[in-house]
Structure formats: structure tokens, C-alpha cells
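Using full-length UniProt numbering, read the sequence shown as starting at 1 and increasing by one per residue.
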Amino acid sequence: MALIKSQHQWLEWLDKNANYVRVLSFDFSKAFDSVPHDLLFEKVKKLPINPYVVNWLISFLENRIQRVMVDGMVTEYLYINRGVPQGTVLGPVLFSIMVDDIKTADPSNALVKFADDLTFGVPGNESGDTSRSEAACLQDWAEENRMPLNLEKTYEMVVRRHTSVVLPELIPSIKRKTWLKLLGVTLQDNPCNWDLHFEEMLKKASGRMYIMRVCKYYGLSIKQLDLLFDSLIMSIFTFAIELWGCAYDGKYLNQIDKFIKRAHKNGYISKRTHIKEIRDKRDKKLWNKITSTEDNALLELLPEKRSRLLRPRGHEYELPLVRTERFKRSFINRCLYNFV
């Protein structure tokens, strides 16, 4: 959902009056290990929750000690005053509490936080943008909260309305790339270009076909092969399909259909399913989830509801006016127009 929201905002800005969108991806240096307990405890105490829960959260981190053993030699115990334990249920929760007060310097910009991933979206035009102030504010926060940024892994990508738009000046200490990998999806500076992501998906899926070939050779039934194919390969193609499902059929989606056709021809699956059908089913499932709850994070992206319905329709929302096909193909607009 975080990426769907980000993509929608970027394309909406480009569809209106922005010439470009600067996407800033920040990385903390050893994020989970850098959280200072004293500052985290202060933030936990400010939460509007039961004091007993507050004490329980604090006691989870207090008085932790550790030592190192190498070749039978053991160090003295040291008290740990930084970091939240990874691999625990509370680890991501405590980290989220720590970074909860990170906000955008300009309310018209967008910020998406997912665990230790921070991504800012900043629209710009001929008069410039506010990306420098966003970077400066985050760096100030990092210093005040004793959580240093890893500038070696901090990047920006400029998504332009069209290639003739002049790129803005670089932000000091932040490297520019033509692509970013966010939450497992490779996004490129041309929002219609999915070459890298599809190349990665197909390469990974092709590597796993060897397992299918071996399992068929050793006599697995077609039912077992179907299950294995869904687990090993279709899971690659369905991951974040609601996001990259906006890719054009002829250039991109057909590549996956050809891959599935080849798997069916080789006897690894019992039937073929077009990726567009799978995408539409996944779209419908997520759409129903969004519209059936009142606290879904994507609800704010939906347009106003119709004041009156002249005939029965699939949903009660106004159809937005969009200028570009790329914005119309994004998840929210795709659902609004397909499920009308």
C-alpha cells in the first residue's frame, strides 16, 4: 500500500502542474541498532496508552546485557543502551515509535515510512522545489535523535513529465540514480518504464524453473507441480502486481504470459492463466478491502462520492479527470474506471 500511495501521488502531481517529482530515499546507518533507549523511552511515555503497557515496553529494553565469546575467551558483560532487538515482534513497533515524529518540512510534499525505509516525494516546476529543505530537516532530526544517516545508501531519483524537462540541481551529499528499489520493487525515472523490474522478475523465475524440471523428472504429480509453481514462481509475478500492473500489455505483461505458456507446454502446470486476469482479481480484492473499511491508508486517494446515481454502477465514486494514460493506468484510477 505504501508504494501504491507513493506512485499515485507522483503521477497525480505530473498529471497536474509539476514538471518533475524528486524521490528521496534515505537510509539510516544500522537503523535498528542505533535507536538510543533514553530518547525512545521519552517518546514511549508520551503515547496515549495504558501506563502499564508503557512500563512493559520500557522493561523490554532496560537492563539488557551482552558479552562476546571467541575461542573460549569471554568478555565482561556490558549494558546495552542502544538498539531494538531484530527478529522480535516488538522490534519494528519500537522503531516505528522512534521515527514517528519525522514529518515533511512542507505539508504539500509526501512522506512514506515503512520500517526503516523513508521516502520523500517532492514536486517541482520552473520555480524549483523544496527538496533541499526536506533533506536538511531530516538531517537535523537525525542529529538531534542520535541516529546518523548513511549517505552512501541515500539516493534521489527524478521522475519527469517528459524527457525534455531539465533536471534540477543535485542536492549536496545525495547521489542521483535513474532507478530506485523501494520495498522490493524497482522503479525507474520514466514512470512508464518497467524494464528493470520485469527483467529481474523473469530472471528470478527462470532460475527457479530448474526446480520444476527436477521435480517433474522425479515423478511429482501435476497437482503437486501446480502447487510448487504457485509457490516458487507465481509468487514472484504476483508480488506488488497492483503497483506494476499499470505496465503496458504488449511490452511487459505479455512477457509473463509467454513464460507461463512455456511452463504449461513443458508440463509443469495443468492450465494457463493470463497475468492480466490475475492482476484484475488482485485489483478487485484490494479495492474491496479499501472500500469496505473506514481506516484504510488508501481511502484518502479516492475521489468524492456521487451525490446521486442515475443507474446502477460498480461503485459510488466520481470518475476523476485525468490527462495522461499513465495516471489512468495507476491502481486507484484503474479500479475506478474498470469497476464502474
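From the three backbone atoms N, C-alpha and C, an ideal C-beta is built for every residue, glycine too.
query                                                                                                                  : result
Coarse secondary structure for Thr186, derived from DSSP in three states                                               : strand
Inter-stretch contact (C-beta, 8 angstroms, three-pair minimum) for the region 240–256 and the region 197–208          : yes
Straight-line gap, Glu294 to Leu187 (C-alpha atoms, nearest Å)                                                         : 30 angstroms
Beta-carbon gap between Phe259 and Ser206 smaller than 9 angstroms                                                     : yes
Sequence-distant residues of the same chain with beta carbon closer than 6 angstroms to Asn150, five excluded per side : Asp27 and Ser29
Local Cβ density within 10 Å of Ala136, reported as buried at 16 or more and exposed below that                        : exposed
Close Cβ partners of Arg282 (< 7 angstroms) along its chain, the five nearest in sequence each way excluded            : Thr238, Ile241 and Glu242
Short CB-CB distance (under 9 angstroms) between Leu228 and chain D                                                    : Looking for chain D here will not work: only one protein chain is present.
Best match in Ile65, Asn81, Val122 and Leu57 for proximity to Gly91 [C-alpha to C-alpha]                               : Leu57
Inter-residue spacing [alpha-carbon to alpha-carbon] between Ala292 and Glu76                                          : In the sequence on display, residue 292 carries Ser and not Ala. Looking at the two C-alpha atoms, the distance is approximately 56 angstroms.
Touch test, the region 224–237 against the region 178–194, Cβ-Cβ under 8 angstroms, three pairs minimum                : no
Same chain only: Cβ atoms within 6 angstroms of Ile269, ignoring 5 sequence neighbours per side                        : Asp226, Phe229 and Ala263
Beta-bridge pairing of Arg66 - partner residues as DSSP gives them                                                     : It should be pointed out that residue 66 corresponds to Gln in this sequence rather than to Arg. BP columns for Gln66 point to Leu78.
Inter-stretch contact at 8 angstroms, needing at least 3 Cβ pairs: the region 321–338 / the region 271–289             : yes
Alpha-carbon spacing of residue 365 relative to Arg213, whole angstroms                                                : With the chain covering 1 to 340 only, the question about residue 365 has no answer from this structure.
Sufficient close CB pairs (3 or more, under 8 angstroms) joining the region 150–161 to the region 39–57                : no
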